[in-house]
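What follows is a single structure, written as structure tokens, with notes after it.
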Amino acid sequence: MIAELGLAALWLAAALAALQLVTGALAVRQDAGTGEAAIADLTRPATVVQGILAALSFAALLYVFAVTDLSVKLVADNSHSLKPMIFKLSGAWGNHEGSMLLWVTVLAASGALIALVERRLPERTMQAVLASQGFVALGFYAFLLLSSNPFERLPIPVEEGAGLNPLLQDIGLAFHPPTLYLGYVGLSVAFSFAVGALVTRQVTPDFARAMRPWVLGAWVFLTLGITAGSYWAYYELGWGGWWFWDPVENASLMPWLAATALLHSASVLAARDALRAWTIMLGVVAFSMSMLGTFLVRSGILTSVHAFAVDPERGTFILFLLAIYIGGALLLFALRAGAVSEGARFAVASREGALVVNNVLLSAILAVVLLGTLYPLLTEAFDVRVSVGPPYFNPVGAIFALPMVAVMAVGPLLRWRKDGFGRIRKELALLAALLLAVLILVSLLGDVALLPLLGLALAAVLAVGSVMPLKGRNLRRVPIATWGMVLGHLGLAVALFGMASESAFTKERLAALAPGEATTVGPWTVELEQVAPAAGANWTAMEAQLSARQEGGEPVSLNPQHRTFWAPPQQTAESVLETRWNGQLYAVIGNQAGAGADGPARWQVRLWWKPFVTWIWYGGVLIAIGGALALIGHVLHDLRRRFVRRKAAARRREVAA
Amino acid sequence: MSWRLWIPLLAFAGFLGLAAYQLTQPRDEVVESRMVGKALPYFDLEPATSGLPGAASDDFKDGKPRLLNIWASWCLPCIAEAPQLERLREEGATIVGVAIRDRPEDVAQFLERHGNPYAAIGSDDLSEVQLGIGSSGVPETFVITGTGKIAYQHIGDIRERDVPILLEKLREAAE
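Going down the list, the protein sequences come from chains G and U.
Note that the working numbering has the first sequence beginning at 2, numbered continuously upward.
Note that the working numbering has the second sequence beginning at 307, numbered continuously upward.
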């Protein structure tokens, strides 16, 4: 019953999306002067109700998973009555149909949110924005209802569910995809804004100011999602790496890069009325990258460890949607962007100049990642199989990323419109000296490869450069949005330091130990005390008791496990992390190794000492906090301005009366 | 000026064409190992049991192609493929074994029970050789040329229909 209600809500939501498209489009076509046609009054309520219905549908899916209704095909395929409740719920979106439902729910909810609170755009543009949002949603409703119905019933209920991939039975999974989806799909707002502005040719600083908080919101979630996903892969896969350049990871990185560029170009548009067409383009590209990522992952066209829902038929459907939405938006862009004049001019040595360089470099990195991700697709058309990995992405990405970091350190010191490097030569000299000092110091300290070396030095430069704009200012009067920028940039410096340090100084040890034996890794001595069986709700494990101590320190005990799940049967390594301020000890236990001729059994133990690796994720969180602060700053500023305006209007009325 | 505005659309159309073409292509499920054509990584393994020599990468460089069989006494499919290995030996193939995480007494017992087609067996306690040549499980069988290059990888147990294929690959490797 609940499943049928969910399905009905989904159909109704689809119908409302269609209504929203029609009324929005009609309102735009009618007299542009007023834009107040009666039919326009329907658009906002339709959008809001559509959001509520989609949410109801998703709630219905959560319910059938919570009670493990095994007559629903999706539950039977992906859940199990023995699973802990939290993993039953997360199982609802740990599969193709459920995650697509989450996708459209977020899409509908963000549409409802703009319909409810966005009042700054001209009403005609707003109608176009909502029509575009409805149009995008309609396609994905069609996809769900016609080819991926999550509420499909089985003719005969099964006795027991087929479980869930044990790798996915992790608290990280419960929150990682929803966070990421809020980011991916939140970018649909930027997309609809861009389309709306193109339709009505209203690309103004006000437009940028209206769009910026929405992009910031999506961007914050995207940043958090990527950070959490990276940490999840790091401790759950037990491979010791934190980024694998897997197509799915790239699919999350590409919208982030585009959204980051968009944020910065929107700032230029808001402050200086320049970069109009470019900002619109990025608005289209950011969400296009989200949709492209969805296509790459769901169609199985690229091989990936994330390929959980491979189906060429679905791939064809999504490709069709891509053709309509991205193709349509780019066509609109080609036809209309010429009419959007380029806007104000500015000097190279200025805040805008630095932001343009930053934008070009971010776009270049995006192109590098996009090319690397799609290259196997291209070569396969000529029957050549390649796999593109770190040897391509790391150096080629760094060519653009490292100069970008250098520009980031200097850019915020420049003034808008026209400035000279002469004015900030003291700061420049300080940063250059710091760069040289760190380069020399680190190369004296040890044998470090070029990229990590540059990464360490530039991280130091960026850290100092990012707080420099605060120098000489009354800290209590610095705008919240500026704090956001400072923290965001500082966060990138922290993350870059973590990445460079991890890659420069990691120590690895693979050993076969019998109980009582010890080995060393970095500053740690690790002893295997014993290996004992352990058990949980749906798994058994061999658990190692390791005692690790740093020179002169207290021993700590670590218990990595080699788990065997029985529903479905699968083995996983549960790694253990001992976190210190200056790094992490990472321990994994593997299979039983061969015994000596007469000795006791030995066990494979894999250890890493990763100096400052945690700073990667601290940095990511800091970046997200910076984004959130900027969002709060802009929204508060806007509310205050509206308040002042209302006050002034009331005053004028009083005076007139 | 305005022609540049069409570039994104054209690039996207290119992608659409490519993706549509790829979606219509049949998916081949077999992915050839990237190690094929590369030299064996260096290894020098202790004997896995008494009475047989150990295995070293240098043994493969005497001009004679061999089979390298990754197996273990604790692996059930390895029992199933034992008769096929025996047939390969009778057909003239030289088979070098690498026993993964095994005990000498278990290896000896396995050979006694299921026959011994091996000319040598090295003991790989840490799966180092296994990982080095790109094998992800037991059993797997590699054809190695007389110069120590990997020519072919067979994943899983050898069934009867695989025997002629492996013999053919051995012949090719000799050329």
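Glycine included, every Cβ here is placed at the ideal spot set by N, Cα and C.
When secondary structure is reduced to three states using DSSP, PRO85 (chain G) falls in the coil class, being assigned neither helix nor strand. Boundaries around LYS611 (chain G) are those of the beta strand (DSSP E), 603 to 612, since no alpha helix (DSSP H) includes it.
DSSP places PRO470 (chain U) in the helix class (H, G or I) of the three-state scheme.
Judged by pairs of C-beta atoms under 8 Å, the segment 610 to 625 of chain G touches the segment 499 to 512 of chain G, as three or more such pairs exist. Residue environment: THR380 (chain G) is assigned as exposed (fewer than 16 neighbouring CB atoms within 10 Å of its CB, all protein chains considered). Straight-line spacing of the CA atoms in TRP243 (chain G) and VAL298 (chain G) works out to 20 Å. Per the Cβ contact rule, the segment 371 to 379 of chain G is not in contact with the segment 428 to 447 of chain G (fewer than 3 Cβ pairs under 8 Å). At least one CB atom of chain U sits nearer than 7 Å to the CB of GLY339 (chain G). Listed in chain order, the non-local C-beta contacts of VAL397 (chain G) below 8 Å within the same chain comprise VAL369, GLY373, local neighbours out to five positions each way being set aside. In terms of Cβ geometry, ALA426 (chain U) and ALA479 (chain U) do not form a close pair [threshold 7 Å]. Contact of GLN571 (chain G) with chain U by beta-carbon distance below 8 Å is absent, the smallest such distance being about 14 Å. Per the DSSP secondary-structure output, THR521 (chain G) pairs in a beta bridge with G:THR526. A direct Cα-Cα distance of roughly 42 Å separates GLY316 (chain G) from ALA272 (chain G).
Non-local C-beta neighbours of VAL342 (chain U) in its own chain, meaning closer than 8 Å and more than five positions away in sequence, comprise ILE456, ALA457, TYR458, GLN459, ordered along the chain. Contacts with chain U at 7 Å (Cβ-Cβ) include ALA513 (chain G). Short of 7 Å from the beta carbon of VAL221 (chain G), and not among the five residues preceding or following it, lie these beta carbons of its own chain, in chain order: ALA625, GLY628, ALA629, LEU632. Non-local beta-carbon contacts of GLU392 (chain U) in its own chain, meaning distances under 8 Å to residues more than five positions away in sequence, involve GLY421, PRO423 in chain order. The criterion of a C-beta distance shorter than 7 Å is not satisfied by LEU315 (chain U) and ALA338 (chain G).
Beta bridge pairing from DSSP links ASN375 (chain U) with U:GLY403, U:THR447. For GLN562 (chain G), the closest of G:PRO556, G:ARG550, G:GLU575 by C-alpha to C-alpha distance is G:GLU575. Between ALA658 (chain G) and ALA651 (chain G), the alpha-carbon positions lie close to 11 Å from each other. DSSP, reduced to helix, strand and coil, places VAL479 (chain G) outside both helices and strands of the structure shown, so it counts as coil. Beta-bridge annotation (DSSP): LEU258 (chain G) is not paired with any residue. Taken through DSSP and simplified to helix, strand or coil, PRO534 (chain G) comes out as strand. In the DSSP secondary-structure assignment, ILE590 (chain G) is bridged to G:VAL606. Relative to the Cα of LEU529 (chain G), the nearest Cα in the group G:PRO156, G:ALA538, G:GLU544 belongs to G:GLU544. Residue range 3 to 30 is occupied by the alpha helix (DSSP H) that includes GLY7 (chain G). VAL385 (chain G) counts as exposed, since fewer than 16 other C-beta atoms from the protein chains shown sit within 10 angstroms of its C-beta.
Note on ASN79 (chain G): 16 or more other CB atoms within 10 angstroms of its CB, so buried under the neighbour-count rule. Under the Cβ distance rule, PHE318 (chain U) counts among the residues neighbouring chain G, one pair being separated by less than 7 Å. About 7 Å separates the CB atoms of ASP430 (chain U) and ALA405 (chain U); that is less than 8 Å, so the two are in contact. One Cα belongs to ASN251 (chain G), the other to LEU322 (chain G), and the distance between them is close to 21 Å. Of all residues in the segment 248 to 259 of chain G, none comes within less than 9 Å of chain U when Cβ atoms are compared.
Sorting U:GLY323, U:LEU358, U:PRO353, U:ILE376 by C-alpha distance to the C-alpha of SER442 (chain U) places U:ILE376 at the top. Interface residue (Cβ-Cβ distance to chain U less than 7 Å): ALA348 (chain G) is not classified as such. With 16 or more neighbouring CB atoms inside 10 Å of its own CB, GLU446 (chain U) falls in the buried class.
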